[in-house]
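When we follow the working numbering, the leftmost residue of the sequence shown carries the number 23, and every step to the right adds one.
No residue lacks a Cβ here, since even glycine has one placed at the ideal position from N, Cα and C.
Scroll down for the structure; my scribbles are underneath it.
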Amino acid sequence: MRSYIALIVLGLTLGEISACSVAHPVVRLTEDWPAAPRDYADVVAEWTRKAELRVDYQEACELTATLKSPEWRAAHAAQDADHRGLTGEARAQHLQQARADAVGPYELEIMLTTWDRRENDIDRGKKSVWRVVLIDEAGHEIEALEIIKDRRPTFVVRAEFPALGQFATPYIARFPRSVAILGPNAKQVRLRMSSPRGGLEVTWRAQ
């Protein structure tokens, strides 16, 4: 158990519960649009986080999440434009649309694997067994506007998010800008999932 990092523990009646996470690179938690998009493979890896929840030494849940920051959106739009063969004005408009999307709700791709498939239900809102929130560095919780399944073909989702596991269900989660999680003074932002079985979270830390 010492090899795991305990994050949140709720409802210990089901036995010993632990959550495990790994170290990740620091990122730029700002609203700044990159002057030049970086390589998408590098950017998506830097903005993807993973954590596990174990109950009685068995994996109960694996959470993988990618925060669609301005840096991610710029790199994704540039790669998509390359794949589509867009040039000139068409490419510029494609990148501009991505920049406009960046000022909308905060958006994450959540890839969830659960041992019990009935618990893979975060798209059910208040009826879900999970409570999903974003948390800023001051501890303010932000509940999702919506969480919907990403119903695109698996190979399409995995091409965009290589961390998608074999048995994971991908979701798109959108959060309101009621609390600013990105900005020049932002130090970290967390995504937390909790249920009666326990909880886990992933963290993005600033440079």
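Taking H105 as the reference, give the member of V178, R212, P192, V211 with the closest Cα. V178
Could you tell me which uninterrupted alpha helix (DSSP H) segments, each at least 4 residues in length, are contained entirely in the segment 65-128, listed from first to last along the chain? 92-106, 110-123
Would DSSP call V155 helix, strand or coil? strand
Taking the alpha-carbon positions, what's the L130 to R140 distance? Each residue's alpha carbon lies about 22 Å from the other.
In this structure, what does DSSP give as the bridge partners for R196? DSSP output for R196 lists E129, E168 as bridge partner(s).
According to DSSP, is E53 part of a helix, a strand, or is it coil? coil
Going by CA-CA distance only, name the one from I170, R113, E68, D64 that's closest to Q229. E68
Taking the continuous beta strand (DSSP E) assigned at R227, which residues delimit it? That run of the beta strand (DSSP E) goes 220-227.
Spatial neighbours of E138 within its chain, please: CB distance less than 7 Å, with the 5 preceding and 5 following residues excluded, ordered by chain position. The sequence as given places Asp at residue 138; Glu does not occur at that position. Here the set comprises nothing.
Which of the three DSSP states, helix, strand or coil, is assigned to V48? Reduced to three states, the DSSP call for V48 is coil.
Decide if the segment 107-118 is in contact with the segment 160-178; the criterion is three or more beta carbon pairs, one per stretch, under 8 Å apart. no
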